[in-house]
Amino acid sequence: MKLQVCLVLAVLMIPGVSHSQTQAPPNPEPDARYKVDILEVVGHPDDDIEVTAYVAKLIEQQHKRVAVLYTTRGNSGGNAAGSEQANALADIREMEARHSLASYGITNAWFLHGSDTPGADVLHSLELWGHGQALEEVVRLVRITRPEVILTWMPNYVVGENHEDHQGAGVLATEAFDLAANPLAFPEQLEAPRDRLTISNYGEGLRPWQPKKIYYFSDSIHFDFFKGNGPEYSTSDMSPGRKMPYSRVAAEAWGFYKTQNDFTDAQLKEFSEMPVRFIFGKSLVGGNATSDIFEGITSNPIPYARPRGYEPPAPGLVLELGGPWAFYNTFWPAHGIEHLAKLYAPEAQAAPGEALWVPLIIRNDTDSPKQVTLHGTLPAGWSEKPDAMTYTVAAHDAYAVQLTVSSSAAQKGTWQTLTWTAESAGQTIPPVSLRVDVVSNGLPQ
Ligand SMILES: [Zn+2]
49 MKLQVCLVLA VLMIPGVSHS QTQAPPNPEP DARYKVDILE VVGHPDDDIE
99 VTAYVAKLIE QQHKRVAVLY TTRGNSGGNA AGSEQANALA DIREMEARHS
149 LASYGITNAW FLHGSDTPGA DVLHSLELWG HGQALEEVVR LVRITRPEVI
199 LTWMPNYVVG ENHEDHQGAG VLATEAFDLA ANPLAFPEQL EAPRDRLTIS
249 NYGEGLRPWQ PKKIYYFSDS IHFDFFKGNG PEYSTSDMSP GRKMPYSRVA
299 AEAWGFYKTQ NDFTDAQLKE FSEMPVRFIF GKSLVGGNAT SDIFEGITSN
349 PIPYARPRGY EPPAPGLVLE LGGPWAFYNT FWPAHGIEHL AKLYAPEAQA
399 APGEALWVPL IIRNDTDSPK QVTLHGTLPA GWSEKPDAMT YTVAAHDAYA
449 VQLTVSSSAA QKGTWQTLTW TAESAGQTIP PVSLRVDVVS NGLPQ
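In terms of the numbering used here, the sequence shown opens at residue 49 and continues consecutively.
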């Protein structure tokens with residue numbers, strides 16, 4: 049009898065075997081219905097068509113899960129289907145997107161409330177959308193959807209459609225890639241519920257999430273420039289279920305966007321049969337730029353990867369393009385995607401004989417004020433206002449020079465190079481150049 053009591057006491061004292069401890073309930077999981085392999089972050093209903101042929105194949109043949117996040121509901125632009133405009137058009141475009149996505153297996157689409165803003169300056173979209181709130185929403189949706197891969201528009205100023213809302217979507221997606229696993233980014237989203245089954249919980253109960261890869265795509269006219277800078281997928285592969293090539297799946301998905309369907313069948317065929325070409329952004333799981341998008345990706349979560357972040361310029365006097373170009377020059381290295389700068393030289397488009405705004409910045413990162421003389425070298429027949437001028441730039445300050453350049457109508461259809469040189473106290477400052485496509489029908493630049 050005594051021996052039995054001693055044995056029972058001994059068992060009770062062994063850690064992990066004690067009968068006085070009970071197993072805690074399982075940790076409440078994130079809602080698995082919204083977990084995706086790919087999150088597309090785009091500006092407008094119909095932008096998703098850029099990658100439909102690739103994504104439709106992944107969904108059908110590899111059962112990948114895909115969601116789309118639109119930063120606007122497409123409340124601007126012409127309506128080829130009816131008289132509706134503005135907010136009414138946005139309601140219709142949201143429904144067109146849902147029907148289009150459902151045609152190839154995407155049921156989760158999220159819409160932010162940025163305004164569809166025609167133009168080419170990304171800072172304009174970010175201002176109108178409320179950059180902070182829009183980013184908060186994108187970070188929230190990355191934490192909800194927990195994507196392995198983000199596909200988005202290239203954050204760069206480029207001739208082509210180059211819509212500022214496209215660039216804005218790419219900027220927000222890149223920022224959210226680097227923030228969603230950072231617990232200091234919108235920490236209220238991460239507060240665990242005190243009791244998830246009752247009221248009076250604060251915060252949102254999300255978990256941090258680090259996506260593994262980000263890739264970009266572009267509607268630039270330089271489709272060839274991007275070849276070899278990321279994986280590329282043929283659109284001629286056959287869909288076993290539909291008995292048609294994925295290019296046709298994409299064309300049929302496009303057919304749901306009737307408000308924007310002002311293409312001929314021939315144009316649509318050409319567009320949908322082009323390969324889906326990506327530009328590598330970054331990978332936290334190895335591989336190289338042209339590796340398959342899912343190479344190196346497993347279902348295991350990965351830890352937060354700290355981005356480089358902002359680094360101040362080295363001391364000195366610098367002349368650079370301002371506006372969106374200056375933003376991107378700082379943005380790319382901060383997010384570890386500085387290779388985007390090497391894809392092509394800075395460029396813009398100007399209607400023949402019309403004006404183009406060219407912002408320049410004279411940056412004085414020295415301890416004393418500087419006098420800087422600026423001089424433009426323009427193609428024949430072009431002019432600028434103001435012309436050569438001397439600027440006083442305070443210590444550790446930047447002078448934002450606003451130039452208006454008028455192109456020559458005679459050069460319609462050509463590319464021209466504009467160069468600005470500067471000097472201070474006899475010292476030459478490295479020049480800057482801008483290539484300009486003299487072409488009509490561009491967005492406001
Ligand atoms: Zn668009």
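Positions of the beta carbon are idealized from the N, C-alpha and C atoms, including for glycine.
Thinking residue i and residue j are a contact (beta carbons under 8 Å), I'd like their distance in whole angstroms, please.
i, j, result
"Val170", "Pro372", "5 Å"
"Gln464", "Pro407", "Not a contact, Cβ separation roughly 18 Å."
"Arg121", "Ala101", "24 Å between Cβ atoms; not a contact."
"Gln258", "Ala228", "7 Å"
"Trp468", "Pro479", "6 Å"
"Val420", "Ala470", "5 Å"
"Ile86", "Val197", "5 Å"
"Val114", "Val103", "5 Å"
"Ala399", "Ser454", "The Cβ separation is near 10 Å, so there is no contact."
"Phe326", "Tyr264", "7 Å"
"Ile385", "Gly334", "Their Cβ separation, rounded to whole angstroms, is 17 Å, which puts Ile385 and Gly334 out of contact at 8 Å."
"Glu236", "Thr165", "Rounded, the Cβ-Cβ distance is 29 Å, inconsistent with contact."
Going by CA-CA distance only, name the one from the options that's closest to residue i.
i, options, result
"Ala301", "Gln397, Val99, Ala80, Tyr82", "Val99"
"Asp310", "Asp95, Ala128, Asn75", "Ala128"
"Trp380", "Leu220, Val197, Ala134", "Leu220"
"Gly429", "Gly401, Phe342, Asp226", "Gly401"
"Gln181", "Trp405, Gln475, Thr119, Arg191", "Thr119"
"Glu144", "Glu175, His172, Asp96, Pro434", "Asp96"
"Pro361", "Val480, Val103, Glu252, His444", "His444"
"Asn33", "Trp177, Val333, Ser173, Met292", "This structure leaves residue 33 out entirely; the chain is present only between 49 and 493."
"Ser347", "Val84, Gln69, Asp79", "Val84"
"His147", "Trp177, Gly162, Val116", "Val116"
"Ala168", "Phe326, Leu332, Pro76, Met202", "Met202"
"Ser190", "Gln450, His214, Glu212, Thr222", "Sequence inspection shows Val at residue 190; the Ser mentioned does not correspond to that position. Cα-wise, what sits closest to Val190 is Thr222."
"Leu183", "Ala217, Asn277, Leu245, Thr246", "Ala217"
"Thr200", "Ser266, Leu149, Pro231", "Ser266"
Indicate the three-state DSSP secondary structure (helix, strand or coil) for residue i in the structure shown.
i, result
"Thr462", "coil"
"Arg356", "coil"
"Glu300", "helix"
"Asn156", "strand"
"Trp201", "strand"
"His147", "helix"
"Asp485", "strand"
"Ala72", "coil"
"Asp169", "coil"
"Phe265", "strand"
"Gln109", "helix"
"Ile140", "helix"
"Glu98", "helix"
"Gln237", "helix"
"Ser320", "helix"
"Pro418", "Note on identity: in this sequence residue 418 is Lys, with Pro being the wrong assignment. Residue state, collapsed to three classes: strand."
"Gln181", "helix"
"Leu176", "helix"
"His161", "strand"
"Asn377", "helix"
"Val84", "coil"
"Ile341", "coil"
"Val441", "strand"
"Lys390", "helix"
"Glu223", "helix"
Roughly how many whole angstroms lie between the Cα atoms of residue i and residue j?
i, j, result
"Leu466", "Arg483", "6 Å"
"Lys105", "Lys418", "59 Å"
"Tyr281", "Asn135", "36 Å"
"Thr438", "Ser339", "50 Å"
"Ile262", "Ala473", "45 Å"
"Val186", "Ala224", "6 Å"
"Leu422", "Ile345", "50 Å"
"Ile495", "Ala72", "Limits of the chain in this structure are 49 at one end and 493 at the other, which puts residue 495 out of reach."
"Pro279", "Tyr392", "18 Å"
"Pro323", "Ser124", "28 Å"
"His92", "Trp405", "26 Å"
"Arg141", "Thr307", "7 Å"
"Leu55", "Ser248", "With a pLDDT of only 47 at Leu55, under the threshold of 50, the placement of this residue in the model should not be trusted; the figure read from the coordinates follows. The straight-line gap from Cα to Cα measures roughly 47 Å."
"Gly364", "Gln475", "12 Å"
"Lys275", "Ala314", "24 Å"
"Glu77", "Pro241", "12 Å"
"Asn75", "Gln133", "48 Å"
"Val487", "Gly424", "21 Å"
"Ala58", "Arg255", "Residue placement at Ala58 cannot be trusted, given a pLDDT of 46 that sits under 50; the coordinates are not used to answer."
"Ala442", "Ser416", "7 Å"
"Gly253", "Ser163", "29 Å"
Closer than 7 Å, CB to CB, is residue i near chain C or not?
i, result
"Leu189", "Among the protein chains of the structure shown there is no chain C, as only one such chain exists."
Touch test, the region 362-372 against the region 395-411, Cβ-Cβ under 8 Å, three pairs minimum: yes
Pairing CB atoms from the region 255-274 with CB atoms from the region 286-297, are three or more of them under 8 Å? no
Mind the definition here: the region 339-359 touches the region 155-173 only if three or more C-beta pairs lie below 8 Å; say whether that holds. no
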